[in-house]
């Protein structure tokens, strides 16, 4: 019988810790879950919250939101485990709510981690043209990777983003078409400048009578630029043909088509062989009458979308952590995979390959757990900051480096199944630690060396029929080696299930979780 190890004593600077798992764009679930933990006052009126969000996006904070916060004495910590975005259509509304409250004023130390869906949003919105380059060396066809990017729920995040910023985007795009130039402040005393190099002012028109009216207007541009296009089977196909030829006339055949997500070498793309059309043509602002004729039409340059996203969400993403260590509890979105323990970008800096052991945190001459986590977050923030600062749109940002800590996991058949902080899978960790003595020994050696008591993750969703109150799962096999391994992703978002359930756990001053959970 395998030896059973006890947990080390709970260590924390807080008498109360509240942890929320994957919210996936469900603002209502977040508000009700925080109200259930006596952190917010929420009367259930989501519509009024959404209205305030739309009215106050440029404010530093929103008094009405701060009036919802219940002051905490003594101080508590509120931790979100990441995956705020995708799957449901209020992801960016949710971020707007969070960033418009000065949490510390109310005795709440707020920590938000980055999840794999949040990272994909960063990768997409910093350079939408090049996101297809992710996972390039995998065995998947390029079309499969593009399909995967869309099917991860990015479409729902785009719906949220456009709901909040559509009018701002249209105004900026009209200015760009009329003046031929546009400048964006980068927040460092410098500006990014964009230019078409020709007169495209006719495209600033916004109101129309019919699709024929739209095509006639685009035809004026085509005639001026020396090309022609034909009406195709759908407005999307017609628009794709027009924008491709316009882009060729402006930037050459090898340049990005700034009005389309497709790579220059790919001219067609349908539902089953690339980007979902709802994502690909999200930059076309179209409002039709009952007869499906457009009354409003504006073709947005994807660079404008990317720059507006930076202005509103860049600082929030800069503030996200990959991991958070408090006391002897490690919070990480995906969890702690064996690869992360050995990856030099993760905890491999603590591992002595010759001696095949981890350095003790008590040795002041070497990296310890605190410094290893700080290093991982610091390096990740450098990558994130570089991605936000690169407005050349030449290639995919280096953020794929932090996606690949441990090893990549794309979530679809054929992608690596055992990932790092973003992609580690709770069920797979359970399976492998049950089956493999070496992996159990690796975890035990790590825990013994660094004094870790608990890992709390999200990412791997669970849904137990007839048990909507279930808030977390705990791994029995990990408990046996002296590590309390917890998952808090109970599929709360309505992007996953129709019934409305609350999310989150509370940890008291003794380290006990006060919400219902189960051992696995």
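In the numbering used here, the protein residues as written are 7 to 526. By construction, the Cβ of each residue, glycine as well, lies at the ideal position given by its N, Cα and C atoms. These numbers were taken from a predicted model, which means no experiment stands behind them.
{"Asked": "For residue 433, collect the residues of the same chain with a Cβ closer than 8 angstroms to its Cβ; drop the 5 residues on either side in sequence, then sort them by chain order.", "Found": "466"}
{"Asked": "Thinking just about the alpha-carbon of each residue, which of 129, 172 and 170 is nearest to the one in residue 160?", "Found": "129"}
{"Asked": "At the level of alpha carbons, what is the spacing between residue 12 and residue 455?", "Found": "15 angstroms"}
{"Asked": "Could you work out which residue in 332, 375, 315 and 173 is closest to residue 527 when comparing CA atoms only?", "Found": "Residue 527 is absent from the model: the chain starts at 7 and stops at 526."}
{"Asked": "DSSP on residue 124, reduced to helix/strand/coil?", "Found": "helix"}
{"Asked": "From the DSSP output, in three-state form, read off residue 70 for me.", "Found": "helix"}
{"Asked": "For residue 340 versus residue 429, is the C-beta distance shorter than 9 angstroms?", "Found": "yes"}
{"Asked": "Between which two residues does the beta strand (DSSP E) holding residue 219 run?", "Found": "Here residue 219 belongs to no beta strand (DSSP E); instead the alpha helix (DSSP H) covers 217 to 231."}
{"Asked": "By the three-class DSSP mapping on this structure, what secondary structure does residue 183 have?", "Found": "helix"}
{"Asked": "Looking at residue 108 and residue 72, is the spacing between their C-beta atoms short of 9 angstroms?", "Found": "yes"}
{"Asked": "If distances are taken between C-alpha atoms only, which option among 84, 378 and 123 comes closest to residue 43?", "Found": "84"}
{"Asked": "Does DSSP classify residue 383 as helix, strand or coil?", "Found": "helix"}
{"Asked": "Can you give me the Cβ contacts of residue 1 inside the same chain, cut-off strictly under 7 angstroms, excluding the 5 residues immediately before and after it?", "Found": "Missing from the structure shown is residue 1; the chain here goes from 7 to 526 and no further."}
{"Asked": "Using a Cβ-Cβ cutoff of less than 8 angstroms, which residues in the same chain neighbour residue 516 once the five nearest sequence positions on both sides are dropped?", "Found": "16"}
{"Asked": "Tell me which residues share the same chain as residue 327 and place their Cβ nearer than 6 angstroms to its Cβ, disregarding the 5 neighbours each side in the sequence.", "Found": "119 and 383"}
{"Asked": "Measure the beta-carbon distance from residue 322 to residue 87 and round it to whole angstroms, keeping in mind my assumption that it falls under 8 angstroms.", "Found": "That pair is no contact at about 16 angstroms."}
{"Asked": "Which of the three DSSP states is assigned to residue 454 in this structure?", "Found": "helix"}
{"Asked": "For residue 378, I'd like the list of residues in its chain whose CB is within less than 7 angstroms of its CB, leaving aside the five on either flank, ordered along the chain.", "Found": "353, 355 and 356"}
{"Asked": "Which residue or residues does DSSP assign as beta-bridge partners of residue 462?", "Found": "337 and 492"}
{"Asked": "Within this structure, are the beta carbons of residue 132 and residue 315 separated by less than 9 angstroms?", "Found": "yes"}
{"Asked": "Would you call the stretch 133 to 149 and the stretch 185 to 197 touching, i.e. three or more CB-CB distances under 8 angstroms?", "Found": "no"}
{"Asked": "Here's a check: name, in chain order, each residue in its chain whose Cβ is nearer than 7 angstroms to the Cβ of residue 320, leaving out the five neighbours to either side.", "Found": "394"}
{"Asked": "Counting only runs that start and end within the stretch 288 to 336, where is the beta strand (DSSP E) found for 3 or more residues in a row?", "Found": "290 to 294, 300 to 305 and 329 to 332"}
{"Asked": "Taking the beta strand (DSSP E) that residue 197 falls in, what are its first and last residues?", "Found": "197 to 201"}
{"Asked": "Rounded to the nearest angstrom, how far is the Cβ of residue 59 from that of residue 102, given a contact under 8 angstroms?", "Found": "5 angstroms"}
{"Asked": "Give the straight-line distance between the Cα atoms of residue 95 and residue 262, rounded to the nearest whole angstrom.", "Found": "29 angstroms"}
{"Asked": "Consider the C-beta atom of residue 197 and the heavy atoms of the ligand NAP; say whether any pair is separated by less than 8 angstroms.", "Found": "Among the ligands in the structure shown, none appear at all, so the ligand NAP cannot be discussed."}
{"Asked": "Determine the direct distance from the alpha carbon of residue 135 to that of residue 443, and round the result to whole angstroms.", "Found": "45 angstroms"}
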